[in-house]
Structures are given as structure tokens and as C-alpha cells.
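Residue numbers (the working numbering): 280 to 482. The C-beta atom is built at its ideal place from N, Cα and C for all residues, glycine as well. Working notes for the structure below.
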Amino acid sequence: MSYIVGLTGGIGCGKSTIANLFAELGVPIVDADIVARQVVEKGSPLLAKIVQHFGAEILLPTGELDRAALREKVFQQPQEKTWLNELLHPAIREEMLQQLHKIDAPYVLWVVPLLFENHLETYCNRILVIDVSEETQLQRASQRDHNSIELIKNIMQAQVSRQQRLAKADDIISNELPFMENKMQLKQQVTALHQHYLQLSQQ
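If you want it as C-alpha cells, here you go:
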């Protein structure tokens with residue numbers, strides 16, 4: 280079993296950007312968002328259950344899940360969000376743990392937006408938090424996803440606070456500046472952490 284570094288952060292903080300820098304160094308990645316898409320792929324049993332519950336309007340013309348439509352539905356209705364989480368979270372967790380177990384490398388980067396919310400930090404040897412201000416979160420997430428500020432605020436409220444996240448971090452990368460302005464500094468930080476994690480994995 281590889282040494283597990285859990286990477287997390289709030290919506291819009293740039294988790295994927297940082298994970299990609301680790302991937303460029305040859306670090307294997309298990310990404311919760313990718314796994315969450317895999318378990319509801321077209322033709323999957325879980326997608327059939329979601330359609331049965333919400334109706335065919337949450338499908339795209341291709342027969343794939345319309346994630347934006349589903350998000351709109353569940354964020355307006357807490358009981359629907361609970362139903363969906365109870366269906367998906369166990370399947371996602373099981374698939375992620377299987378992928379983690381299969382990796383043969385000194386360490387693996389496990390990218391999980393809701394690491395603390397879903398109490399997955401217990402599986403991690405170390406935790407890396409990507410940090411930005413709440414203003415930056417709102418700005419980036421609304422530009423990236425073309426979602427309303429209200430919806431993004433709802434998503435942020437469903438996540439642990441910035442203070443709670445930072446308090447649980449072993450390592451922190453500040454990603455406040457635009458990527459192109461900060462690219463070299465971020466690469467240096469990631470390279471230094473990579474060497475540190477390689478050392479920790481040998482202990």
C-alpha cells in the first residue's frame with residue numbers, strides 16, 4: 280500500500296491545477312471527481328437508480344448524466360441531496376479505496392474535495408490543503424462553472440470552513456494569484472513537497 284497524501288480545498292481553489300503539477304512529476308493520482316463520474320457512467324446501475332428517482336430530465340441527449348441539472352435539483356432540496364449522497368458515497372468510497380490499493384508507487388495523491396466532510400482523512404498519511412480566500416473561491420467558481428453566486432455560496436456552506444480546513448492541514452499551498460503569474464512559484468512548492476513526500480514514504 281502506497282503512502283497516501285490527501286489533497287483537498289474548497290470549491291474554486293485550484294485543486295486540479297496543483298494535482299496536475301504533481302502528475303507532471305510522475306505521481307499517480309486518484310481523483311474523487313473522476314471516480315464520481317465513473318460510478319454513474321452511461322449504462323451503470325447507479326445511473327439507472329438516479330433516473331428512476333429524478334426522472335429522465337436529468338439526462339443529456341447522449342444518455343449521460345446532466346450533472347448541472349442534478350446539482351440544481353439537489354441543492355434546492357436537502358432531502359434529495361441526502362438521498363443522492365446515501366446512494367453514491369459508499370460506491371465512490373469503495374471504488375477510490377480499490378484504486379488506492381492497486382497503486383504501486385512510493386506515494387499517491389488522493390484528490391478529494393470533501394475529504395473532511397466525508398471523514399476520509401482517516402485513510403490519509405498526510406494532508407495537503409490548497410488555500411484561497413472566500414472572495415477568490417466565489418470569483419473563480421462562478422467564472423469556471425457559469426453558476427450563480429447563490430449556488431456557489433450554498434456549495435461553500437456545505438463544505439467545512441476555511442479555518443477548519445487549515446487547522447487540519449499538514450501542508451498548505453496558497454493559490455491566491457492567477458496561475459500564469461504564480462506558475463514558477465507553485466512548481467517550486469510542488470517539487471519541494473514531492474521530495475518531502477518521497478522521504479516520508481520511505482520511513
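- DSSP places Tyr282 in the uninterrupted beta strand (DSSP E) bounded by 282-287.
- For Leu394, there is no enclosing beta strand (DSSP E), as DSSP gives it neither H nor E.
- Proximity to Leu376 across Glu400, Lys360, Pro385 peaks at Glu400, based on C-alpha coordinates.
- Within the same chain, Glu374 come within 8 Å of Gln317 by CB-CB distance, once the 5 residues on both sides are set aside.
- Fully enclosed alpha helix (DSSP H) runs of no fewer than 4 residues occupy 413-424 of the stretch 398-425, in order along the chain.
- Counted as a single uninterrupted DSSP element, the stretch harbouring Val306 is not any alpha helix (DSSP H), since DSSP gives it neither H nor E.
- Put simply, of Leu388, Thr470, Asn433 the residue whose alpha carbon is nearest the alpha carbon of Tyr402 is Leu388.
- Ser427 carries a coil assignment under DSSP once its states are collapsed to helix, strand and coil.
- Where Ile337 is concerned, there is no enclosing beta strand (DSSP E), because DSSP gives it neither an H nor an E.
- Leu325 sits in a helix when the DSSP states are folded into three classes.
- Taking the Cα positions, Ile409 is about 11 Å away from Gly285.
- In the structure shown, Val387 falls within a strand segment according to DSSP collapsed to helix, strand and coil.
- Shortest Cα-Cα distance from Leu430 to any of Lys466, Leu304, Gln358, Gln416 involves Gln416.
- Contact between the stretch 460-478 and the stretch 421-436 is absent, with fewer than three C-beta pairs closer than 8 Å.
- Counting only the Cα atoms, Val309 lies some 25 Å from Gln442.
- Here DSSP, grouped into helix, strand and coil, assigns Leu344 to strand.
- The Cβ-Cβ distance between Leu344 and Val319 falls below 8 Å.
- Proximity to Asn426 across Gln378, Arg350, Phe395 peaks at Arg350, based on C-alpha coordinates.
- Secondary structure of Ile452 (DSSP, three-state): strand.
- Less than 8 Å separates the beta-carbon of Glu413 from that of Met435.
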